[in-house]
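Using the numbering used here, you'd call the opening residue of the sequence shown number 534 and step up by one each time.
C-beta: ideal position from N, C-alpha, C; glycine also.
Quick caveat: nothing in here was measured; it's all calculated off a predicted structure.
Beneath this line is the structure, given in C-alpha cells, with notes to follow.
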Amino acid sequence: MLIAQLSDPHIRPKGELYQGVADSNRMFEEAIAHVHALDRRPDLMLITGDLVDEGQPAEYAMARELLSASRIPVFVIPGNHDHRENFRLAFQDHPYLPKTGPLHWCNDDHPVRLIGLDSCPAGQHHGQIDTQGLAWLAGVLAQDRVKPTLLMLHHPPLMSGIAYMDKYRYMEAQPLEAVVRAAPNIELVLCGHVHRTMLRRWAGTVLCSCPSTTTEIDLQFAPDARPQSHIGPRGCMLHWWDEAHGMVSHVSHIGDFAGPYGFA
Ligand SMILES: [Fe+2]
C-alpha cells in the first residue's frame with residue numbers, strides 16, 4: 534500500500550488568502566495534483582486536520598470543490614481550525630465519520646488499519662481527548678492487536694521545542710500514551726498542527742508530524758520567539774507499506790525544482 538498524508542491546508546473561501554498572504558486554495562490544488570502525478574498512485578489520502586482556516590461553511594464548500602479532483606479515496610480528521618459540526622456536515626458522505634459526538638473513527642477496509650482521533654475540544658486551540666474518547670480508543674485497539682495500524686490525531690502529544698506551538702500542544706498526554714503503548718501493532722502515529730516534519734519515539738511506536746501544504750511554521754527555539762511562518766518548502770508524506778518491508782515514511786516536497794539529473 535502507498536498512503537499519502539496531506540496536512541493543514543487551511544482552505545479559505547474561494548478567492549481569499551490564508552493570513553492575507555498565502556493562496557492556500559491554489560496550494561492545496563497543487564498538492565492534490567502532486568500526489569496524482571507520482572509514478573505510483575497512492576491507495577489512500579489522509580488529511581490530518583486544519584482542512585480549513587476558520588471553520589466556515591464557505592471554506593468547507595471550497596475544500597469539497599478542491600477535493601473533487603481526487604481520484605484517491607480520502608480520509609479526514611479535524612484540526613483546531615476546523616469546526617466540528619461544519620466539518621461533519623461537509624463530509625457527511627464519508628461513511629466512517631460518526632453522526633454525533635467527537636469525530637473518532639476506525640476503518641478496517643484495507644491491509645493497514647486506520648484510526649482517526651478528534652483531539653480538538655470545541656473552541657480551543659490546544660489538543661485533548663477526554664476519558665470517553667480514550668476508552669473508545671482502548672476498546673478499538675483491543676479488537677485487533679495484530680493488524681498494522683496507523684493512528685492519526687491533529688495535535689502531536691509532545692513538546693516540539695517551539696514555545697509558540699507548545700502553548701497549543703496536546704495537553705496531559707500520559708493517559709493517551711498508556712493506551713497507545715498497550716497496542717504493539719501501531720506502526721505510526723501521524724499528526725499535523727506544527728506545519729513541519731518532526732519525529733519522535735513515543736509510546737513504543739514512532740510519531741511523526743507532516744508538513745503543511747500551505748505554510749511552514751518557523752523553527753525557533755528561543756522561549757520568547759515571535760510566532761511566525763514562511764511560505765517555505767511545502768510537502769506531504771508518503772507512507773509505503775508492505776508485509777515484507779513494514780512501514781517506511783517519506784517526505785515529498787511540492788513544487789518545481791531543478792533536475793532531474795541522472796546518476797550512476
Ligand atoms: Fe494548521
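Boundaries of the alpha helix (DSSP H) in which residue i is found, first to last residue
i: Ala-623; result: 617-623
i: Met-698; result: 696-699
Simplified DSSP assignment, three categories, for residue i
i: Ala-671; result: helix
i: Asn-558; result: helix
i: Arg-597; result: helix
i: Ala-537; result: strand
i: Ile-750; result: strand
One or two residues paired with residue i in a DSSP bridge
i: Phe-608; result: Leu-579
i: Leu-630; result: In the DSSP output, where bridge partners are listed per residue, Leu-630 has none listed.
i: Glu-734; result: The residue asked about is misnamed: residue 734 is Arg in this sequence, not Glu. In the DSSP output, where bridge partners are listed per residue, Arg-734 has Val-739.
i: Val-585; result: Ile-544
i: Leu-571; result: Answer is none; Leu-571 lacks a bridge partner.
i: Gly-660; result: Tyr-703
i: Tyr-551; result: Ala-555
C-alpha distance - residue i paired with residue j, whole-angstrom precision
i: Ala-591; j: Gln-707; result: 37 Å
i: Ala-671; j: Trp-774; result: 24 Å
i: Arg-702; j: Val-722; result: 15 Å
i: Ser-782; j: Leu-771; result: 6 Å
i: Gly-725; j: Tyr-794; result: 32 Å
i: Thr-581; j: Val-784; result: 15 Å
i: Pro-546; j: Asp-572; result: 32 Å
i: Glu-598; j: Glu-563; result: 14 Å
i: Glu-618; j: Val-739; result: 31 Å
i: Cys-743; j: Gly-634; result: 26 Å
i: Asp-699; j: Phe-754; result: 11 Å
i: Ile-695; j: Pro-689; result: 12 Å
i: Ala-623; j: Tyr-593; result: 6 Å
i: Ser-601; j: Ser-652; result: 26 Å
Residue span of the beta strand (DSSP E) that contains residue i, given as start and end
i: Glu-720; result: 719-724
i: Leu-650; result: Element bounds for Leu-650: n/a, residue is neither H nor E.
i: Val-784; result: 779-787
i: Arg-767; result: 767-775
i: Leu-683; result: 682-685
Short CB-CB distance (under 7 Å) between residue i and chain B
i: Asp-789; result: Among the protein chains of the structure shown there is no chain B, as only one such chain exists.
Residues whose Cβ lies closer than 5 Å to any heavy atom of ligand 1, in chain order: Here the residues come out as Asp-541 and Asp-583.
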